[in-house]
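Asks: Pasting a structure below so you can have a look.
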């Protein structure tokens, strides 16, 4: 079955650590996105990528970094510069930036700072 | 002003009730509108999709778009406890080169037996 796989499901980070969240899709989608979800705040866009080796900052990119070396993969690194990283992180993909179809989401990674 | 406004609720209704969920938006360029359902600790899943104005029905769910008022709605008839989830509206502009969707904050719905 085609879909998006996010791992791990739960992640704990110590203060000052960098952690990387994995996102892999087998839908052959061109565009991929990372969102952060906090209670009562909806989804906020962190980074997005329309094609391999290209990505753009979203609304809250500070303290995060991404790479897009393969079409299937779009990992997100939460760096120590991110002051409040505890949140639910969602990866999504879409057939192409110009499509009018919606996103397919992964099942999310819950990151907690300890 | 946020691009998309959605009352976060929470909304609590008895089984069998008709539920109305709403969003307003400010960007007149938005042309396609979606509703996602998100169960606790899961990723959102696409529930309904509408292009431009009008109504769309799928079983117990009806999506309405009024572009003149910049207002969209999702109606759930004969609500069931399994409908208990957070409902997110989302919308986008087909002419945008960015391809991003803009989301509401989500409305938390509980349907009690």
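Protein chains in written order, with our numbering: chain V, 218 to 331; chain R, 1123 to 1235. A virtual CB, placed ideally from N, CA and C, is assigned to each residue, including glycine.
Using 7 Å as the limit for Cβ to Cβ distance, is residue 1170 of chain R near chain V?
Replies: Looking up residue 1170 of chain R in the second chain gives position 48. No, because no Cβ of chain V sits closer than 7 Å to the Cβ of residue 1170 of chain R.
Asks: State the DSSP-derived secondary structure class of residue 1190 of chain R, mapped to helix, strand or coil.
Replies: Along the second chain, read from residue 1 onward, the residue named residue 1190 of chain R stands at position 68. Here residue 1190 of chain R sits in coil by DSSP.
Asks: According to the neighbour-count rule (16 or more other Cβ atoms, all chains shown, within 10 Å of its Cβ), is residue 266 of chain V buried or exposed?
Replies: Numbered from 1 along the first chain, position 49 holds the residue referred to as residue 266 of chain V. With 16 or more Cβ atoms within 10 Å of its Cβ, residue 266 of chain V is classed as buried.
Asks: Listing by chain order, which chain R residues have their CB less than 7 Å from the CB of residue 267 of chain V?
Replies: On the first chain, residue 267 of chain V is found 50 positions in, with the first residue counted as 1. Near residue 267 of chain V (Cβ distances below 7 Å), the residues of chain R are 1221.
Asks: Determine the DSSP secondary structure at residue 1175 of chain R, reduced to helix, strand or coil.
Replies: As a working note, residue 1175 of chain R is residue 53 in the second chain. Looking at residue 1175 of chain R - three-state DSSP - the assignment turns out to be coil, as it is neither helix nor strand.
Asks: Using beta carbons (cut-off 7 Å, strictly below), is residue 1192 of chain R in contact with chain V?
Replies: Start at 1 with the first residue of the second chain, and residue 1192 of chain R comes out as number 70. No - not a single Cβ of chain V is within 7 Å of the one on residue 1192 of chain R.
Asks: Please confirm whether residue 1225 of chain R and residue 260 of chain V have their CB atoms less than 7 Å apart.
Replies: Position 103 of the second chain, counting from 1, holds the residue named residue 1225 of chain R. Position 43 of the first chain, counting from 1, holds the residue named residue 260 of chain V. Yes, Cβ-Cβ distance for residue 1225 of chain R and residue 260 of chain V is below 7 Å.
Asks: Tell me which residues of the region 1193-1216 of chain R have at least one Cβ-Cβ distance to chain V shorter than 9 Å, keeping chain order.
Replies: Taking 9 Å as the Cβ-Cβ cut-off against chain V, the residues of the region 1193-1216 of chain R that qualify are 1210, 1212, 1214 and 1216.
Asks: My guess is that residue 1208 of chain R and residue 1232 of chain R are in contact by the Cβ rule of under 8 Å, so how many angstroms apart are they, rounded?
Replies: Residue 1208 of chain R sits at position 86 when you count from the first residue of the second chain. Residue 1232 of chain R sits at position 110 when you count from the first residue of the second chain. Contact flag wrong, Cβ pair sits at about 10 Å.
Asks: Taking Cβ-Cβ distances shorter than 7 Å, what residues in chain R pair up with residue 324 of chain V?
Replies: Taking the first chain and counting its residues from 1, the one referred to as residue 324 of chain V is at position 107. Ordered by position in chain R, the residues that pass the 7 Å Cβ test against residue 324 of chain V are 1164 and 1165.
Asks: Under 8 Å by Cβ, that's how I've got residue 248 of chain V and residue 1221 of chain R pegged, so tell me the actual separation to the nearest angstrom.
Replies: Start at 1 with the first residue of the first chain, and residue 248 of chain V comes out as number 31. Start at 1 with the first residue of the second chain, and residue 1221 of chain R comes out as number 99. With a Cβ gap of about 5 Å, residue 248 of chain V and residue 1221 of chain R count as contacting.
Asks: Tell me which same chain residues have a C-beta within less than 8 Å of the C-beta of residue 281 of chain V, skipping the five on either side of it?
Replies: Position 64 of the first chain, counting from 1, holds the residue named residue 281 of chain V. Closer than 8 Å at Cβ, skipping near neighbours: 251, 263, 264, 293, 294, 295, 296 and 299.
Asks: Using a Cβ-Cβ cut-off of 6 Å (strictly less than) and excluding sequence neighbours within five positions of residue 290 of chain V, which residues of its own chain qualify?
Replies: Residue 290 of chain V sits at position 73 when you count from the first residue of the first chain. Same-chain partners within the cutoff: 241.
Asks: Mind checking if residue 298 of chain V is an interface residue toward chain R, Cβ cutoff 7 Å exclusive?
Replies: Looking up residue 298 of chain V in the first chain gives position 81. Judged by the 7 Å Cβ criterion, residue 298 of chain V is not in contact with chain R.
Asks: Could you tell me the boundaries of the beta strand (DSSP E) in which residue 274 of chain V lies?
Replies: Position 57 of the first chain, counted from the first residue, corresponds to residue 274 of chain V. Its beta strand (DSSP E) spans residues 271-274.
Asks: Does residue 324 of chain V come out as helix, strand or coil in the three-state DSSP assignment?
Replies: Walking along the first chain from the start, residue 324 of chain V turns up at place 107. Of the three classes helix, strand and coil, the one that applies to residue 324 of chain V here is coil, per DSSP.
Asks: Hey, is residue 1225 of chain R's beta-carbon within less than 7 Å of any beta-carbon in chain V?
Replies: For this step, residue 1225 of chain R is matched to residue 103 along the second chain. True, the Cβ-Cβ gap to chain V drops below 7 Å.
Asks: Would you tell me roughly how many angstroms separate the C-alpha atoms of residue 1223 of chain R and residue 1234 of chain R, rounded to the nearest one?
Replies: On the second chain, position 101 is the one that residue 1223 of chain R refers to. On the second chain, position 112 is the one that residue 1234 of chain R refers to. Using only the alpha carbons, I get a separation of about 32 Å.
Asks: Out of R:1214, R:1206 and R:1161, which has the shortest C-alpha to C-alpha gap to residue 1139 of chain R?
Replies: Along the second chain, read from residue 1 onward, the residue named residue 1139 of chain R stands at position 17. Selected option, being the one with the closest Cα: R:1206.
Asks: Pairs of beta-carbons, one from the region 320-331 of chain V and one from the region 223-234 of chain V, closer than 8 Å: are there three or more?
Replies: Yes, since at least three Cβ pairs between the region 320-331 of chain V and the region 223-234 of chain V fall closer than 8 Å, the two stretches touch.
Asks: Mind checking whether residue 1192 of chain R and residue 1146 of chain R have CB atoms under 7 Å apart?
Replies: Indexing the second chain from 1 puts residue 1192 of chain R at position 70. Indexing the second chain from 1 puts residue 1146 of chain R at position 24. Yes, Cβ-Cβ distance for residue 1192 of chain R and residue 1146 of chain R is below 7 Å.
Asks: In the DSSP assignment, find the beta strand (DSSP E) that holds residue 332 of chain V and state where it starts and stops.
Replies: Chain V is shown only over 218 to 331; residue 332 of chain V falls outside these bounds and no answer can be derived.
Asks: Going straight from the alpha carbon of residue 1185 of chain R to that of residue 235 of chain V, what length do you get?
Replies: Counting from one through the second chain, the residue named residue 1185 of chain R turns up at place 63. Counting from one through the first chain, the residue named residue 235 of chain V turns up at place 18. Cα to Cα, the separation comes out at about 42 Å.
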